[in-house]
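Engineer: Please find one structure pasted underneath; my questions will follow.
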Amino acid sequence: MTERKVRVLVAKPGLDGHDRGAKIVARALRDGGFEVIYTGLHQTPEQVVATAIQEDVDAVGLSVLSGAHNYLFKRVLELLKEKGAEDIVVFGGGIIPPEDIAALKAMGVKELFTPGTSTQEIVRFVRDHIRTAA
Amino acid sequence: MDDSEKSERAGMKGSSERPAPYETLSGLPVKPLYTPADLPGFDYEAKLGVPGEYPFTRGVYPTMYRGRLWTMRMFAGFGRPEDTNARFKYLLEQGQTGLSTAFDMPALMGYDADHPRARGEVGKEGVAVSTLADMERLFEGIPLGEVTTSMTINCTASVALAMYLAVADRQGVSWDKVGGTMQNDMLKEFIAQKEWICPPEPAVRIVVDMIEFTAKHVPKFNPVSISGYHIREAGSTAVQELAFTLADGIGYVQAAVNRGLDVDAFAPRLSFFFDIHSDFFEEIAKLRAARRIWATVMRERFGARRPESMRLRTHTQTAGVSATAQQPLNNIARVALQALAAVLGGAQSLHTNSYDETWALPTEEAVTVALRTQQIIAEETGVPLTIDPLGGSYYLETLTDRMEEAAWAYIRKIDELGGIVRAIDLGYPQREIADAAYRYQLMEDRGDRTVVGVNKYVMAEEKPINYLRIDETVELEQIDKVKRLKASRDQSKVERRLKQVAEACRNGQNLMPVLIDAVKDNASLGEISDVYRQAFGLYREPIIY
Chain H
1 MTERKVRVLV
11 AKPGLDGHDR
21 GAKIVARALR
31 DGGFEVIYTG
41 LHQTPEQVVA
51 TAIQEDVDAV
61 GLSVLSGAHN
71 YLFKRVLELL
81 KEKGAEDIVV
91 FGGGIIPPED
101 IAALKAMGVK
111 ELFTPGTSTQ
121 EIVRFVRDHI
131 RTAA
Chain A
135 MDDSEKSERA
145 GMKGSSERPA
155 PYETLSGLPV
165 KPLYTPADLP
175 GFDYEAKLGV
185 PGEYPFTRGV
195 YPTMYRGRLW
205 TMRMFAGFGR
215 PEDTNARFKY
225 LLEQGQTGLS
235 TAFDMPALMG
245 YDADHPRARG
255 EVGKEGVAVS
265 TLADMERLFE
275 GIPLGEVTTS
285 MTINCTASVA
295 LAMYLAVADR
305 QGVSWDKVGG
315 TMQNDMLKEF
325 IAQKEWICPP
335 EPAVRIVVDM
345 IEFTAKHVPK
355 FNPVSISGYH
365 IREAGSTAVQ
375 ELAFTLADGI
385 GYVQAAVNRG
395 LDVDAFAPRL
405 SFFFDIHSDF
415 FEEIAKLRAA
425 RRIWATVMRE
435 RFGARRPESM
445 RLRTHTQTAG
455 VSATAQQPLN
465 NIARVALQAL
475 AAVLGGAQSL
485 HTNSYDETWA
495 LPTEEAVTVA
505 LRTQQIIAEE
515 TGVPLTIDPL
525 GGSYYLETLT
535 DRMEEAAWAY
545 IRKIDELGGI
555 VRAIDLGYPQ
565 REIADAAYRY
575 QLMEDRGDRT
585 VVGVNKYVMA
595 EEKPINYLRI
605 DETVELEQID
615 KVKRLKASRD
625 QSKVERRLKQ
635 VAEACRNGQN
645 LMPVLIDAVK
655 DNASLGEISD
665 VYRQAFGLYR
675 EPIIY
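This is the structure we're talking about:
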């Protein structure tokens, strides 16, 4: 049996419209051989989690550049847990100060990428840390 | 030996070239040397002319910075209205000459602070404004008849303008003395910044309502700032920024003319806003080419007769995307060079980014360095002493011509597609930008483009920087304030006013008078946006990446 490809949901939660990074990451992951779904803009955490479950993804990458990361990442983690989908790995990126990165990682966010990260680094992270559900 | 041979030989003398991308940041090829041979038959009068006269290549005013320096306008907004009010007053004390307001995401997207979709976002990326009371606190003690204010707000710009004019009324300032700018450029929202409520057609109709209203009643106000900044920040090339911005401008002028407005009655108050990125000469050439193209468009395509209708006045901002999180103090040098390019390009107004903005909103210290950078250029370098000092440079004039040609090619393509609204529906500019952004990122990742401190000259250990934190209690406080106001106002009046707004949406009468009445009776920004949602429907973006 051939193993299916790792599926990643790239999502833009909240009201923030800065989508340059999310779109580049979506494209780089696709070119890196993963199956990618991009939500488009202005998603509520509820919508992101519903899409993640419906599309049966292995990971959710959240992009937040508006400063609302503390609320949005936490809410997505909570909702995944509520739906019994905490096996879905949450990672992300954006304008996120170091203190907040530490707090979010302690909360369960697997990795956070800040400006200056290369697409190779993100592709490598997904390759090394995300596995398809058994 | 003819001129072109001379040029070739001069450039080839000496040893071989070091490996580097010999092209501009936008990919235009750059030769080793430029000479008169690059400008055959150069017609000084037609291409450059006199500053303050058609085609305005050398500048929009006859005296430029000898008459008046550019406006130093730092974009500011965070937390509660009183927090931003304090920052405004600080900046004015430090010698800033105009205000520029950043609103938070809920205000920009048409939600009040107490809306569930505003959770986590109140006062974060800008100042929280839901009601006229918030707007009054924002401009408390700032005389609206003396200071001009720019407001970066788009799909809810009509509400912000109504509130601003209501504050002027309460300060006893007559509207003919109120100066400022609303960004209010919805076309670039669909292309790049991505803040919207309703689809392009009703969105443009609201923009034209504001153009019409201010032309009659607020003559010193710029009702729209046609913006390339966000297009560039979303990843376009300089040529795409130039072309799509001017295509958006053409879209607004056409829509206003279609409504029956006289082009010379409103065009003088159209203003522009460009990004100033790191490729020094390309950015200067871009501003010069923009002025020449716009003058031509206004005179030839729209038959404008007043010179004021043909001159492209522009705000500029250093490129946020060029700032790095690594070795953040390097951003001070980047900003200084970009600011210098803006001034050499003849900008009317400039915002310089702060070095810490890749971490958070800027601290007061960082903002001060950014403002001082402008003051150093203005008062220490001698650069503003003469007009368009680089005019006549073989390289700059060649680059200006190349950019103009390349931008015209895009403008013609958009004309062929049926205009900018149609092009947006087709996803044309969005795709061009997404492709350029991806290409650029790959070049950076491969090291084909050096980013100092990121892919070259990297330091293993970096000192942490101090950055601004927004207190989490701001959100709760704002929610409480909005809820209390809503509970205490005359609800029947609010409902009547919102009905009038809905009526105006449907029957096509100008929205501004009813909006001003509505905000004065405490109808909120979110409630008016709900009326827009009901009347015009919601925009759904085509997903392109």
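Read top to bottom, the protein sequences are chains H and A. What the first sequence shows, in the working numbering, is residues 1 to 134, in sequence order. What the second sequence shows, in the working numbering, is residues 135 to 679, in sequence order. Note that CB positions come from ideal geometry on N, CA and C, so glycine has one too.
1) Kindly indicate if chain A contains any beta-carbon less than 8 Å away from that of residue 26 of chain H.
2) Using DSSP's beta-bridge definition, name the partner residues of residue 11 of chain H.
3) Apply the 10 Å Cβ neighbour rule to residue 356 of chain A and answer buried if 16 or more other Cβ atoms are within range, or exposed otherwise.
4) Using the beta-carbon count (16 or more within 10 Å), is residue 184 of chain A buried or exposed?
5) So which residues on chain H does residue 458 of chain A lean against when the C-beta distance must stay under 8 Å?
6) At 7 Å on the CB atoms, spell out the chain H contacts of residue 601 of chain A, in chain order.
7) Can you pull the chain H residues whose beta carbon is under 7 Å from the beta carbon of residue 492 of chain A, in chain order?
8) Just to confirm, are residue 521 of chain A and residue 202 of chain A a CB contact at a threshold of 8 Å?
9) Consult DSSP for residue 346 of chain A and reduce its assignment to one of helix, strand or coil.
10) Taking 8 Å as the cut-off, does the region 439 to 448 of chain A touch the region 503 to 520 of chain A (at least 3 CB pairs, one atom from each stretch)?
11) Starting from the C-beta of residue 458 of chain A, find all residues in its chain whose C-beta is less than 6 Å away, skip the five residues before and the five after it, and write them out in chain order.
12) For a quick check, are the C-beta atoms of residue 349 of chain A and residue 399 of chain A less than 8 Å apart?
13) Decide if residue 328 of chain A is buried, meaning its Cβ has at least 16 other Cβ atoms within 10 Å, or exposed.
14) Which of helix, strand or coil does DSSP assign to residue 602 of chain A?
15) Measure how close the beta-carbons of residue 409 of chain A and residue 358 of chain A come, nearest whole angstrom, since I'm counting them as under 8 Å.
16) Which residues of chain H have a Cβ atom closer than 7 Å to the Cβ of residue 572 of chain A, listed in chain order?
17) Measure the alpha-carbon distance for residue 556 of chain A versus residue 567 of chain A and round it to whole angstroms.
18) Whole angstroms are fine: how far does the CA of residue 371 of chain A sit from the CA of residue 1 of chain H?
19) Where do the N-terminal and C-terminal ends of the alpha helix (DSSP H) with residue 660 of chain A fall, by residue?
20) Taking a Cβ distance cut-off of 7 Å, strictly less, list which residues of the region 508 to 523 of chain A are near chain H, in chain order.
21) What did DSSP end up calling residue 680 of chain A once you bin it into helix, strand or coil?
22) What residue range is occupied by the uninterrupted alpha helix (DSSP H) comprising residue 507 of chain A?
23) Any idea what DSSP makes of residue 388 of chain A, helix, strand or coil?
24) List, in chain order, every chain H residue whose beta-carbon is nearer than 8 Å to that of residue 590 of chain A.
25) Using 8 Å for Cβ pairs, my map puts residue 601 of chain A next to residue 493 of chain A. What's the rounded Cβ distance?
26) Once the 5 residues before and after residue 596 of chain A are set aside, which same chain residues still bring their CB inside 8 Å of it?
27) Is there a C-beta anywhere in chain A that falls below 8 Å from the one on residue 1 of chain H?
28) Taking Cβ-Cβ distances shorter than 8 Å, what residues in chain A pair up with residue 33 of chain H?
29) Do residue 266 of chain A and residue 418 of chain A have their beta-carbon atoms positioned less than 8 Å apart in this structure?
30) Excluding the 5 residues flanking residue 38 of chain H on each side, which residues of the same chain have their C-beta closer than 6 Å to its C-beta?
31) Going by the CB atoms, is the gap between residue 168 of chain A and residue 529 of chain A shorter than 8 Å?
32) Is DSSP giving residue 409 of chain A helix, strand or coil here?
33) Are the CB atoms of residue 237 of chain A and residue 276 of chain A nearer to each other than 8 Å?
34) Looking only at DSSP bridge pairs, what is residue 449 of chain A linked to?
35) Out of A:338, A:511, A:531, A:381, which has the shortest C-alpha to C-alpha gap to residue 172 of chain A?
36) Just to confirm, are residue 14 of chain H and residue 64 of chain H a CB contact at a threshold of 8 Å?
Structural biologist: Reading it off the structure:
1) Sequence index remark: in the first sequence, residue 26 of chain H carries index 26 (1-based). Answer yes: the Cβ-Cβ gap between residue 26 of chain H and chain A drops below 8 Å somewhere.
2) Looking up residue 11 of chain H in the first sequence gives position 11. Answer is H:62, bridged to residue 11 of chain H.
3) For the purposes of this step, residue 356 of chain A is identified with residue 222 of the second sequence, where counting begins at 1. So residue 356 of chain A ends up on the buried side.
4) For the purposes of this step, residue 184 of chain A is taken as the residue at position 50 of the second sequence. It counts as exposed.
5) Indexing the second sequence from 1 puts residue 458 of chain A at position 324. Those are 115, 116, listed as they occur along chain H.
6) Against the second sequence, residue 601 of chain A aligns to sequence position 467. Correct list: 97.
7) By one-based count along the second sequence, residue 492 of chain A stands at place 358. Here the neighbours are 95, 115.
8) One-based indexing of the second sequence puts residue 521 of chain A at position 387. One-based indexing of the second sequence puts residue 202 of chain A at position 68. No, the Cβ-Cβ distance between residue 521 of chain A and residue 202 of chain A is not below 8 Å.
9) Translated into the one-based positions of the second sequence, residue 346 of chain A becomes position 212. DSSP places residue 346 of chain A in helix when its eight states are reduced to three.
10) no
11) Mapped onto the second sequence, residue 458 of chain A falls at position 324. Closer than 6 Å at the Cβ level, and outside the excluded window around residue 458 of chain A, lie 587, 588.
12) Working through the second sequence from its first residue, we reach residue 349 of chain A at position 215. Working through the second sequence from its first residue, we reach residue 399 of chain A at position 265. Yes. Within cutoff.
13) Within the second sequence, numbered from 1, the residue matching residue 328 of chain A stands at position 194. It is buried - the Cβ of residue 328 of chain A has at least 16 other Cβ atoms within 10 Å.
14) The residue labelled residue 602 of chain A in the question sits at position 468 within the second sequence. Three-state DSSP puts residue 602 of chain A in coil, outside helix and strand.
15) Here residue 409 of chain A refers to the residue found at position 275 of the second sequence. Here residue 358 of chain A refers to the residue found at position 224 of the second sequence. Wrong, their Cβ atoms sit about 17 Å apart, outside the cutoff.
16) Against the second sequence, residue 572 of chain A aligns to sequence position 438. What residue 572 of chain A touches in chain H: 24, 27.
17) Here residue 556 of chain A is taken as the residue at index 422 of the second sequence, counted from 1. Here residue 567 of chain A is taken as the residue at index 433 of the second sequence, counted from 1. Going by the C-alpha atoms only, they are around 17 Å apart.
18) Counted from its first residue, the first sequence places residue 1 of chain H at position 1. Counted from its first residue, the second sequence places residue 371 of chain A at position 237. In this predicted model, residue 1 of chain H has a pLDDT of only 49, less than 50, meaning its place in the structure is not dependable; the value taken from the coordinates is given anyway. Straight-line Cα distance between these residues: approximately 46 Å.
19) Against the second sequence, residue 660 of chain A aligns to sequence position 526. From DSSP, the alpha helix (DSSP H) with residue 660 of chain A extends over 659 to 670.
20) none
21) Outside the displayed span of chain A (135 to 679) sits residue 680 of chain A, for which this structure offers no information.
22) Mapped onto the second sequence, residue 507 of chain A falls at position 373. Its alpha helix (DSSP H) spans residues 498 to 513.
23) Counted from its first residue, the second sequence places residue 388 of chain A at position 254. Helix.
24) On the second sequence, position 456 is the one that residue 590 of chain A refers to. Residues of chain H passing the Cβ test: none, with the nearest at roughly 12 Å.
25) Taking the second sequence and counting its residues from 1, the one referred to as residue 601 of chain A is at position 467. Taking the second sequence and counting its residues from 1, the one referred to as residue 493 of chain A is at position 359. Contact holds; Cβ gap of about 4 Å.
26) On the second sequence, position 462 is the one that residue 596 of chain A refers to. 460, 461.
27) Counting from one through the first sequence, the residue named residue 1 of chain H turns up at place 1. In this predicted model, residue 1 of chain H has a pLDDT of only 49, less than 50, meaning its place in the structure is not dependable; the value taken from the coordinates is given anyway. It does not; no Cβ of chain A falls within 8 Å.
28) For the purposes of this step, residue 33 of chain H is taken as the residue at position 33 of the first sequence. In chain order: nothing, as chain A lies at least about 16 Å away.
29) Residue mapping note: residue 418 of chain A aligns to position 284 of the second sequence, counting from 1. Residue mapping note: residue 266 of chain A aligns to position 132 of the second sequence, counting from 1. For residue 418 of chain A and residue 266 of chain A, no; Cβs fall outside 8 Å.
30) In the first sequence, residue 38 of chain H corresponds to position 38, counting from 1. So the qualifying residues of the chain are 10, 26.
31) Translated into positions along the second sequence, residue 529 of chain A becomes position 395. Translated into positions along the second sequence, residue 168 of chain A becomes position 34. Their beta carbons are under 8 Å apart, which means residue 529 of chain A touches residue 168 of chain A by this criterion.
32) As a first step, residue 409 of chain A must be located in the second sequence, where it is residue number 275. Three-state DSSP puts residue 409 of chain A in a strand.
33) Start at 1 with the first residue of the second sequence, and residue 237 of chain A comes out as number 103. Start at 1 with the first residue of the second sequence, and residue 276 of chain A comes out as number 142. No, the Cβ-Cβ distance between residue 237 of chain A and residue 276 of chain A is not below 8 Å.
34) Position 315 of the second sequence holds residue 449 of chain A. According to DSSP, residue 449 of chain A bridges with A:407, A:483.
35) For the purposes of this step, residue 172 of chain A is identified with residue 38 of the second sequence, where counting begins at 1. Comparing Cα positions, the closest option is A:531.
36) In the first sequence, residue 14 of chain H corresponds to position 14, counting from 1. In the first sequence, residue 64 of chain H corresponds to position 64, counting from 1. In this structure, residue 64 of chain H lies closer than 8 Å to residue 14 of chain H by Cβ.
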